[in-house]
Amino acid sequence: MSALSRRVFLQASGALVVVVAAGQASIAAAPGAAVADLPAVPDPTQLDAWLAILPDGSVQAFFGKIDMGHGLEVAIAQIVAEELDVALASVSLVMGDSARTCNQGGASGSYGVSHGGRPLRNAAAEARRVLLAAAAVQLQVPVTELTVRDGVVSVTAQPARQLSYAQLIGGRSFNTRVEWNKAVGNLMDVKGQATPKSRDQYRLVGQSLQRRDLQGKVFGTLPFITDVKVEGMWHARMIRPPHAGGHVQSIDTASIAAWPQAQVVHQQDMLAVVAPGEWMAVQAARALQVQWSADGTRWPGHDGLHAALRAAPVLRREEPLRRGDVDAAFAGAARIIEAQYEWPLQSHASMGPGCAIADVRDGRATIWTGSQKPHSVRDGAAKLLGLAPEAVRSIWVMAPGSYGRNDAGDVALDAAWLSQRLGKPVRVQYMRHDATAWDPKGPACVHRGRAALDASGKVLALDFTTRGLSRVDAQFHEADPRDTLAGQALGMPSNADLGLGIPGESYDFAAKRLAWEVVAPLQARYSPLRTSHLRDPLGPEVHFGSEQFIDELAVATGHDPVAFRLQHVTAVRDKAVIEAVAKAAGWQPRSTPRGRKGRDGLLRGWGIAYAQRNDTVVAVIAEVTVDPATGRVRVPHVSVAHDCGLVVNPQGLRQTIEGNVLHGLSRVLFEQVQFDSETVHSVDWASYPILEMADAPQHIEVVMIDPTAAAPSGAGEPTIRSVPAAVANAFFDATGKRLRRAPFTPERVKNTLAQQSSKRNTR
Amino acid sequence: MPTVKFVLDGQPVSVDVPADTPLLYVLRNELGLANPHFGCGLAQCGACTVHLNGAALRSCVAPVSACEGQRITTLQGLGTPEHPHPLQQAWVDEQVPQCGYCINGWIMTAAALLASTPRATDAQLREGLAGLKCRCGTHQSILRAIKRAQARMLA
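Chains as they are written, first to last, in the numbering used here: chain A, 6 to 768; chain B, 1080 to 1234.
As structure tokens, this is what we get:
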């Protein structure tokens, strides 16, 4: 065993404190890794960490988040150009490079503009102030007599007297301190002496300016993470246990003798095939014969999953909202309405499997990653490799999609570990089955809604509880290797936490209890069914039940679902989105299902759902058709009313909302991880189907509401939250039957339609 | 190792690789293209799509030996910023891409579809694009872009 692998072993068997101690010891001992030589980690208290004016006057902004595809890049550039008074074209962004950007937490929680943009806005405003002050001295006029346009400062009354940003500072540092709020991640912010512009001064913010990454994507020249090539790199493919709780027992290396250059790398359950060529690595990994032992782990299977969740002991329960005397209300109720809902495990199933390239040599590491949290890759890899974080540079490169903690976080640490073992650069790209079967899953859950009504039908109390797998069985980042496949395959204990949540709303029922409960993971460690953040963590899952239940209350009390919501929401912005979406969709009031069969033989219905998410509010109305013959549910029209405060780029926002709708439709109509007691059967697009073009809506109407002069509050996830419940409510409107279990597969739909009446328990 | 010769984006190329190597691996590794992409290796998603003599081909499952003497066109050969294919132009005009990893599948398949069925209806387009995946959910703007390009090509 080499020194390095011994260190990994120590980490694997030791407590966290041992890991840290080993890491510090190793950096001191590593040759050529004097601290002065280490890659710089930007100092957030320096304006230079956020912005640079290059010799030609162009602006480089250092953004510690990434644009995984929503067009955040141009929105941030708009903000920077706005505050600096330069042309958009002169601003470029460096994103997600741990040696060049501060740790703003990567992509996270739809915070890209709202939180990610803040320090950039403040830094750009401060840079403009510093530049104007310098110009005032050189031009010998007060700052108040200066004008800036396109990076040129001129004396307002004598425009010929001017100095460009390039002349003032081009290529040199600001050497100016800004006040850092000491936060790391989403909340990181800095402030200078300058006050950023007010809304009425904006000329770039609020415009639908074109994205700058399209040419490269459309003409096939933009490198993705999969295109990064490092000289001398080898290719690896990982081998995972084929069944629950499998451990490597023996490996028949002779089984890959046909590829003499291919090698097996193995330690505990970490198993890979490496080769100088990619196709060679793929073939050898397929051919490798491995004997696996089983440790007796058994899963409930996807059909038994929800019964298992109901039966499992609750490890943590929280009541984020408790108002009034709920139990007394139920005790005195004239009528109780109750319903239960079920949501499956779902896969990220990113468009491309995870890929990373790592070069770990001489006590340093460079990792090219598609993880949406590149700074977490740095921290996690440092711990795994026994290096100081400063000795690791993590560079984000555009990746094949990312909507949470997907497999990109795992593959980066796999590559890092393999590169350290081999002493040469290694590229790991997962195969499709690695990605779909082994990426962290969106948690499955069961929900129970109860309402107490008085004799007049008034809702006295709402009691809603969701119980599910943890949203952080694997943490939503990979800053600790215990949350990655590499760490767990190497024997580290799980770092699992217990968390779930309840979507926000403002219903005014006098007594209200909203609760969540978490049960133990289906497998403690190194599990393909581990759960973590998938787009809008727990939003669509829980909201599928909570907003369907509100619909059930409306129907049970003889109210129109839109009117019922308007009657009971209290927040002004909530009312506004509900009214706006009803208007946009041409909502016809109804208190009973309107569904009737059209000439086309399809049942047609409309449903509404609304939710808050942080400070954003969204209401969605879906029109669905149900084919009683085939069980096929389609959603031809969707209307969205969206209030996320200040809109920086309307076209980017529209496309982001559309993507949310499609992803939400896919999840409620198609997606569930299929597995039995020991095998995951969802391993590719055939066994994990998602929405395709035939099922895309004919039209999505988007109404953007911005009446509040509020700060931007995020759009990457809020819309998806309301889509599943809107579809479910429309299904009821179309059919008069409730379908309380997702996804709405044709077989399930036909079974539901065949039932005599809905299952709602009323007494 | 056998030598396989074919025409790639208008240029003759020659590679020495095992005959069963999928074309995708050859394009990416031996010929250095930054596209097409590996999405599934199972012809289930389209990210690897190229044209073989003008017809859409999933290069992840096509052995390179099948390309001997044939004409292979990739997204880079379909058009350039200076001379874009109408679909590429429409993709920019409609600001279609999010992550963009799926683009090969949609543009190359749509290009072949519009070449064979220039007046494809909405239903024919949807049917012709079956099997392609987009995980960012850009389907609406993809359809808008194809219809925009179609109108231009018919004009």
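The C-beta atom is built at its ideal place from N, Cα and C for all residues, glycine as well.
None of the values given here were measured: they were computed from a predicted structure.
| Query | Result |
| --- | --- |
| Should A/E236 be flagged as near chain B, meaning a C-beta pair shorter than 7 Å? | no |
| Quick one: which unbroken alpha helix (DSSP H) runs of 4-plus residues sit fully inside the segment 547-603 of chain A? Chain order, please. | 566-573 and 577-590 |
| Ignore the nearest five residues each way along the sequence and tell me which others in A/P405's own chain have a CB closer than 6 Å to its CB. | S355, M356 and G357 |
| Taking only beta-carbon positions, decide if B/C1215 is within less than 7 Å of chain A. | yes |
| Around the Cβ of A/L543, are there at least 16 other Cβ atoms within 10 angstroms (buried) or fewer (exposed)? | buried |
| Which residues, in chain order, does the segment 1142-1158 of chain B contribute to contact with chain A at a C-beta distance below 8 Å? | T1153, L1154, Q1155 and G1158 |
| So within the segment 1108-1188 of chain B, which uninterrupted alpha helix (DSSP H) runs reach at least 4 residues, ignoring any that extend past its ends? | 1154-1157 and 1165-1172 |
| Would A/A94 be called buried (16 or more neighbouring beta carbons within 10 Å of its own) or exposed? | exposed |
| Contact criterion: CB-CB distance below 7 Å. Does A/V223 meet it with respect to chain B? | yes |
| Classify A/N500 as buried or exposed, calling it buried when 16 or more other Cβ atoms lie within 10 Å of its own Cβ. | buried |
| The alpha helix (DSSP H) spanning A/P655 covers which residue range? | P655 to L674 |
| Can you pull the chain B neighbours of A/V666, defined as C-beta to C-beta under 9 Å? | G1216 and Q1219 |
| Hey, does B/H1116 have any beta-carbon neighbour from chain A nearer than 7 Å? | yes |
| Show which residues of chain B have a CB atom less than 7 Å away from the CB atom of A/H75. | Q1177 |
| Return the residue from the list A/P445, A/V79, A/R328 and A/P533 that minimises the CA-CA distance to A/R217. | A/V79 |
| Measure the beta-carbon distance from A/D2 to A/R154 and round it to whole angstroms, keeping in mind my assumption that it falls under 8 Å. | For chain A, the structure presents residues 6 to 768; residue 2 of chain A sits outside this window and is missing. |
| What is the DSSP secondary structure of B/P1081, counted as helix, strand or coil? | coil |
| Enumerate in chain order the residues of its own chain whose CB-to-CB distance from A/Q294 is below 7 Å, with the five nearest sequence positions on each side excluded. | D257 and S260 |
| Indicate the three-state DSSP secondary structure (helix, strand or coil) for A/L423 in the structure shown. | helix |
| I think A/A277 touches A/V270, with their Cβ atoms under 8 Å apart; what is that distance to the nearest whole Å? | 5 Å |
| At the level of alpha carbons, what is the spacing between A/V629 and A/I555? | 19 Å |
| Check whether the Cβ atoms of A/D738 and A/G550 lie closer than 7 Å to each other. | no |
| Where does A/A38 fall in DSSP's three states? | Residue placement at A/A38 is flagged as unreliable, the pLDDT there being 34, under the threshold of 50; a coordinate-derived value is accordingly withheld. |
| In this structure, how does DSSP classify B/L1087 when only helix, strand and coil are distinguished? | strand |
| Pick out whichever of A/R166, A/E131 and A/D444 has its Cα sitting closest to the Cα of A/Q145. | A/R166 |
| Using only CA atoms, which one of B/V1086, B/L1103 and B/D1095 lies nearest to A/V287? | B/L1103 |
| Using the beta-carbon of each residue, which ones in chain A are nearer than 7 Å to B/G1120? | M436 and R437 |
| What did DSSP end up calling A/Q528 once you bin it into helix, strand or coil? | coil |
| Hey, out of A/M403, A/G121, A/G156 and A/S115, whose CA is closest to A/V135's CA? | A/G156 |
| Could you give the residue range of the alpha helix (DSSP H) that holds A/V728? | P723 to T740 |
| Of the residues A/N756, A/W55, A/W304 and A/A466, which one's Cα is nearest the Cα of A/E131? | A/W55 |
| Along the chain, where does the alpha helix (DSSP H) containing A/V287 start, and where does it finish? | E283 to A292 |
| For A/D700, does the three-state DSSP call read helix, strand or coil? | helix |
| So, helix, strand or coil for A/E88, using DSSP? | helix |
| Tell me the DSSP secondary structure of A/Y615 in three-state form. | strand |
| Output, in chain order, the set of chain B residues within a Cβ distance shorter than 8 Å of A/M698. | L1204, R1205, L1208, A1209, L1211, H1218, I1221 and L1222 |
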